[in-house]
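Chains U and B supply the protein sequences, listed in that same order.
Using numbering that gives the first Met the number 0, read the first sequence as starting at 0 and increasing by one per residue.
Using numbering that gives the first Met the number 0, read the second sequence as starting at 0 and increasing by one per residue.
Note that beta-carbon positions come from the ideal geometry of N, C-alpha and C, so glycine has one too.
One structure is given below, encoded as structure tokens.
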Amino acid sequence: MANSSTVEAVARKPLPQQQSRLKRLLRNIVKYRVLLLMLLPTSIVFFINCYIPMFGLFIAFKNINYVDGIMGSPWAGFDNFRFLFATSDALRVTVNTVAYNVVFIISGLILSVSLAIAINEVTSRLASRVYQTVMIMPNFLSMVVVSFIVYAFLHPEYGFLVKHILPLFGYSSVNAYMHPNAWPYILWLTKMWHSIGIGSVIYLAAITGISEELYEAAVMDGASKWQQITRITLPLLTPIMVILTILNLGGIFRSDFGLFYHVTLDSGALRSTTDVIDTYVYRGLIQLNDLGMSSAANFYQSVIGFFLVIGANSLARKLNRDTALF
Amino acid sequence: MNTASNTKSYSKGPKGAQMILHIFFIAFSLACILPVLLIVAISLTNEKALTLQGYKFWPDKIDLSAYQYLFNHSETLAKAYGVSLTVTITGTLLAVLLIALYAYPLYRRDFPFKKAFNFYLLITMLFSGGLVPFYLLYVNFLNLKDSLIALILPGLSNAFYIFIARTFFQQTVPEEMIESGKLDGASEWRIFFQLVLPISLPVLATIALFTTLMYWNDWFNSMLFINNTDLYSLQYVMIQMIRQAEFFKNQLAGSGVALLVQESVPTESLRMAMVIVSIGPILFIYPFFQKYFTKGLTIGAIKG
Numbered sequence: 000m001a002n003s004s005t006v007e008a009v010a011r012k013p014l015p016q017q018q019s020r021l022k023r024l025l026r027n028i029v030k031y032r033v034l035l036l037m038l039l040p041t042s043i044v045f046f047i048n049c050y051i052p053m054f055g056l057f058i059a060f061k062n063i064n065y066v067d068g069i070m071g072s073p074w075a076g077f078d079n080f081r082f083l084f085a086t087s088d089a090l091r092v093t094v095n096t097v098a099y100n101v102v103f104i105i106s107g108l109i110l111s112v113s114l115a116i117a118i119n120e121v122t123s124r125l126a127s128r129v130y131q132t133v134m135i136m137p138n139f140l141s142m143v144v145v146s147f148i149v150y151a152f153l154h155p156e157y158g159f160l161v162k163h164i165l166p167l168f169g170y171s172s173v174n175a176y177m178h179p180n181a182w183p184y185i186l187w188l189t190k191m192w193h194s195i196g197i198g199s200v201i202y203l204a205a206i207t208g209i210s211e212e213l214y215e216a217a218v219m220d221g222a223s224k225w226q227q228i229t230r231i232t233l234p235l236l237t238p239i240m241v242i243l244t245i246l247n248l249g250g251i252f253r254s255d256f257g258l259f260y261h262v263t264l265d266s267g268a269l270r271s272t273t274d275v276i277d278t279y280v281y282r283g284l285i286q287l288n289d290l291g292m293s294s295a296a297n298f299y300q301s302v303i304g305f306f307l308v309i310g311a312n313s314l315a316r317k318l319n320r321d322t323a324l325f
Numbered sequence: 000m001n002t003a004s005n006t007k008s009y010s011k012g013p014k015g016a017q018m019i020l021h022i023f024f025i026a027f028s029l030a031c032i033l034p035v036l037l038i039v040a041i042s043l044t045n046e047k048a049l050t051l052q053g054y055k056f057w058p059d060k061i062d063l064s065a066y067q068y069l070f071n072h073s074e075t076l077a078k079a080y081g082v083s084l085t086v087t088i089t090g091t092l093l094a095v096l097l098i099a100l101y102a103y104p105l106y107r108r109d110f111p112f113k114k115a116f117n118f119y120l121l122i123t124m125l126f127s128g129g130l131v132p133f134y135l136l137y138v139n140f141l142n143l144k145d146s147l148i149a150l151i152l153p154g155l156s157n158a159f160y161i162f163i164a165r166t167f168f169q170q171t172v173p174e175e176m177i178e179s180g181k182l183d184g185a186s187e188w189r190i191f192f193q194l195v196l197p198i199s200l201p202v203l204a205t206i207a208l209f210t211t212l213m214y215w216n217d218w219f220n221s222m223l224f225i226n227n228t229d230l231y232s233l234q235y236v237m238i239q240m241i242r243q244a245e246f247f248k249n250q251l252a253g254s255g256v257a258l259l260v261q262e263s264v265p266t267e268s269l270r271m272a273m274v275i276v277s278i279g280p281i282l283f284i285y286p287f288f289q290k291y292f293t294k295g296l297t298i299g300a301i302k303g
């Protein structure tokens, strides 16, 4: 008897276990129904804003016409992509996007970190606070406001630079909005003005978190200020520098749309140096109604962006397990 | 923001070095502030003086006519303010509530579906459908063109803030408190609203302020979804102003009408006055930002 029951038990074993797993799941759902209910609204929002558009990427493979609608339109295979990459647009916007981002990431990192280290050396608490307050202010202004500021300097007739500064160097009446070659510098300056203050406050917060004892010990050992910075501050800042750079690298195929669209006033004359993937997709979608090209560029941006994030993260993981995002 | 407080042992540099630092930071601060002051100055300058002398940092004579014009013909402005305020307040309240509601179960150690919902969020940070499907969904399927929902809904999904809130809960809300709440017979809702939220005010305030700023400064969704002039937000009105005035000028350039129009409507200073009016509320909430700022940023820097 005992023997046969064990055999039976062994034979049945997988079944009850499966059953109990299902049961446990159901029991957990009932037990935690309130927490699940709390998660529900946000989950729906994410589903609408993020998940449905992900599935919408198939539009890039469709030949959209308004008679059949999006779902009913015929499949186009890779036609949209062929058209996109046959034009010189694809190369131009890709190069612009990546080049601007690389420059922004590198210079932003160097400038914010140096600024953070410098402000940490200010001994007056009041002064330090005032500087920080002022430094982060530009970041609170929208890109539309920033576009007005740039315009106030560059207005072809009345602009402060154009009217009062350039004449000192013998130039008169320059319409910057017609000179594409000036824009990499203008956009770089605008971007840095808008973002390094806030960037440095983030690093400053990290510096403040560094234990004072390390510096005390270093001072006892006779370390100079420079040695303290290079041997203590910078190495301890590295993890957060890596994390933020990874985040930025993952977005290297995306750009600050407002910067490239509003600050340039969407001037057609400047496109050779200011058009990026985002403005290209937007124009294709809203102004030109060229859904095929626009959605192909959109797909290209999303998919490469995804691999960039994954790649950057695994790189960080290799360097140091703790610095990876996931 | 007592970030300079660790100076006791962090040996003070020589006086000269401090001087150089101060000179540098004063120059840097000026570089941050002066461009905005230029806008203020233009908005206060007489239109004729502007066309003669260009934009200057110091108006010869302060002229408030741009602001007068703005407030006399304020229907557009009032409407835009109304739209921006409605969107910002509704959006911020909803966003904070939704973020807290999602972050709380993720923090609960005993919650068995934590991993799945974490993953659900993470994916949204890694991969995005991009603009085209997003636009088509909103316009063709949800029919949200010319609706305020189209201005609020996109801002509600922010995975990053959820991770920040969760990290904050983990650091400051003791598990025992939840336990004791349960023992006292409090429902999950009650624990959440009466125990967890009150002690999480710092992080909620940080997120609320960031969200306020995001909604107030948003122009992108207006540009995508709004055609009805009654629903223009402040930012969108400004976009129209910077583009249309240019158009307006080009149309009239060379004709005698230009001078006439310029005299009756202070176009140049008016535009800048509009910018100042739109920045106003931000400067108003700025001190509140200051208070929570470093805290919020530090929490954000901790690995999620």
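May I ask you to list the residues that DSSP assigns as paired with residue i?
| i | result |
| --- | --- |
| Lys-61/U | Trp-74/U |
| Ile-61/B | Thr-44/B |
Along chain D, which residues have their Cβ under 7 Å away from the Cβ of residue i?
| i | result |
| --- | --- |
| Thr-41/U | Protein chains U and B are contained in the structure displayed, whereas chain D is not. |
Pick from the options: whose alpha carbon is nearest that of residue i?
| i | options | result |
| --- | --- | --- |
| Val-145/U | Asp-255/U, Lys-30/U, Asn-247/U and Lys-22/U | Asp-255/U |
| Leu-248/U | Asp-88/U, Ile-206/U and Ser-313/U | Ser-313/U |
| His-261/U | Leu-167/U, Thr-273/U, Met-53/U and Ile-251/U | Thr-273/U |
| Ala-75/U | Ile-285/U, Ala-268/U and Met-292/U | Met-292/U |
| Ile-22/B | Ser-113/U, Thr-207/U and Val-121/U | Val-121/U |
| Phe-60/U | Arg-23/U, Leu-318/U, Asn-288/U and Pro-73/U | Pro-73/U |
| Thr-329/U | Phe-84/U, Ile-201/U, Val-97/U and Ala-181/U | Residue 329/U is absent from the model: chain U starts at 0 and stops at 325. |
| Tyr-99/U | Lys-30/U, Ile-135/U, Phe-252/U and Gly-283/U | Phe-252/U |
| Met-191/U | Leu-203/U, Asn-138/U, Asp-220/U and Pro-155/U | Asn-138/U |
| Val-143/U | Thr-228/B, Lys-14/B and Met-237/B | Met-237/B |
| Val-172/B | Asn-157/B, Leu-155/B, Phe-192/B and Gly-184/B | Phe-192/B |
| Lys-78/B | Phe-283/B, Thr-228/B and Pro-265/B | Thr-228/B |
| Ile-148/B | Leu-153/U, Ile-309/U, Ile-47/U and Asp-67/U | Ile-47/U |
| Leu-143/B | Phe-224/B, Ile-278/B, Ala-94/B and Leu-120/B | Phe-224/B |
| Leu-264/U | Phe-84/U, Gly-68/U and Tyr-150/U | Tyr-150/U |
Ordered along the chain, which non-local residues of its own chain (more than five positions away) have a Cβ less than 7 Å from that of residue i?
| i | result |
| --- | --- |
| Gln-169/B | Tyr-106 |
| Ile-241/B | Arg-270 |
| Ile-61/B | Leu-43 |
| Asp-305/B | Any property of residue 305/B remains undetermined from this structure, which presents chain B solely from 0 to 303. |
| Gly-198/U | Gly-107 and Ser-111 |
| Ser-254/B | Confidence is the limiting factor: at Ser-254/B the pLDDT is only 45, short of 50, which leaves the residue's position unreliable, though a coordinate-based value still follows. Same-chain partners within the cutoff: there are none. |
| Leu-307/U | Leu-248, Gly-249, Ile-251 and Phe-252 |
| Phe-298/U | Leu-56 and Ala-59 |
| Asp-289/U | Gly-283 |
To which residues of the same chain is residue i closer than 8 Å at the C-beta, ignoring the five residues directly before and after it?
| i | result |
| --- | --- |
| Phe-56/B | Leu-33, Leu-36, Leu-37 and Ala-40 |
| Phe-82/U | Gly-291, Met-292 and Ala-295 |
| Val-95/B | Leu-203, Ile-206, Ala-207 and Thr-210 |
Please list, in chain order, all residues of the same chain as residue i whose beta carbon is under 6 Å from its beta carbon, the five residues on each side excluded.
| i | result |
| --- | --- |
| Ser-221/B | Ser-232 and Tyr-235 |
| Ser-42/B | Ala-65, Ser-268, Met-271, Ala-272 and Ile-275 |
| Gly-180/B | Ile-190 and Leu-194 |
| Leu-259/B | Low local confidence applies: a pLDDT of 47 at Leu-259/B is under 50, so the model's placement there is unreliable, and no value is given. |
| Leu-49/B | Glu-267 |
| Asp-277/U | Ser-254 and Phe-256 |
Practice item. Determine contact between the region 126-140 of chain B and the region 70-86 of chain B, defined as no fewer than three beta-carbon pairs at a distance below 8 Å. Key: For the pair of segments examined, the region 126-140 of chain B was found not to touch the region 70-86 of chain B: the number of CB pairs separated by less than 8 Å stays below three.
Point to revise | Continuous alpha helix (DSSP H) assignments of at least 4 residues falling wholly in the region 236-271 of chain U | key: List check, alpha helix (DSSP H) in window: 256-260.
Review point. Pairing CB atoms from the region 91-109 of chain U with CB atoms from the region 186-197 of chain U, are three or more of them under 8 Å?
Key: Proximity of the region 91-109 of chain U to the region 186-197 of chain U meets the contact definition, three or more beta-carbon pairs being nearer than 8 Å.
**Study point:** Continuous alpha helix (DSSP H) assignments of at least 4 residues falling wholly in the region 99-133 of chain B
**Key:** Within the region 99-133 of chain B, the complete alpha helix (DSSP H) runs of at least 4 residues are 113-125.
Exercise for review: Could you tell me whether the region 76-86 of chain B touches the region 197-209 of chain B, using the rule of 3 or more Cβ pairs below 8 Å?
Suggested key: Segments in contact, no.
Practice item. Evaluate contact between the region 163-172 of chain U and the region 223-238 of chain U, counting only Cβ atoms and requiring at least three cross-stretch pairs below 8 Å. Key: These segments do not touch.
Review point. Is the region 91-101 of chain B close to the region 151-165 of chain B, with three or more CB pairs under 8 Å?
Key: A contact between stretches requires three or more CB pairs, one per stretch, nearer than 8 Å, and the region 91-101 of chain B meets this requirement with the region 151-165 of chain B.
Check your understanding: Which parts of the region 170-243 of chain B are runs of the alpha helix (DSSP H), unbroken and 4 residues or longer, counting only runs that do not cross its ends?
Key -> Complete alpha helix (DSSP H) runs here, min 4: 174-182, 200-215 and 219-224.
Review point. Does the pairing of the region 212-219 of chain U with the region 125-134 of chain U give three or more beta-carbon distances under 8 Å?
Key: In this structure the region 212-219 of chain U does not lie against the region 125-134 of chain U, because fewer than three pairs of beta carbons, one per stretch, are closer than 8 Å.
Review point. Are the region 88-97 of chain B and the region 209-229 of chain B touching, with three or more C-beta to C-beta distances below 8 Å?
Key: Under the Cβ criterion (8 Å, minimum of three pairs), the region 88-97 of chain B counts as touching the region 209-229 of chain B.
Point to revise | Three or more C-beta pairs below 8 Å linking the region 116-129 of chain B and the region 42-58 of chain U | key: Because the criterion of three Cβ pairs below 8 Å is met, the region 116-129 of chain B and the region 42-58 of chain U touch.
Point to revise | Those runs of the beta strand (DSSP E) which lie wholly inside the region 146-207 of chain U and span at least 3 residues | key: Fully enclosed beta strand (DSSP E) runs of 3 or longer: not present.
**Study point:** Three-pair Cβ contact test at 8 Å for the region 279-289 of chain B versus the region 159-166 of chain U
**Key:** With the cut-off at 8 Å, the region 279-289 of chain B and the region 159-166 of chain U do not touch.
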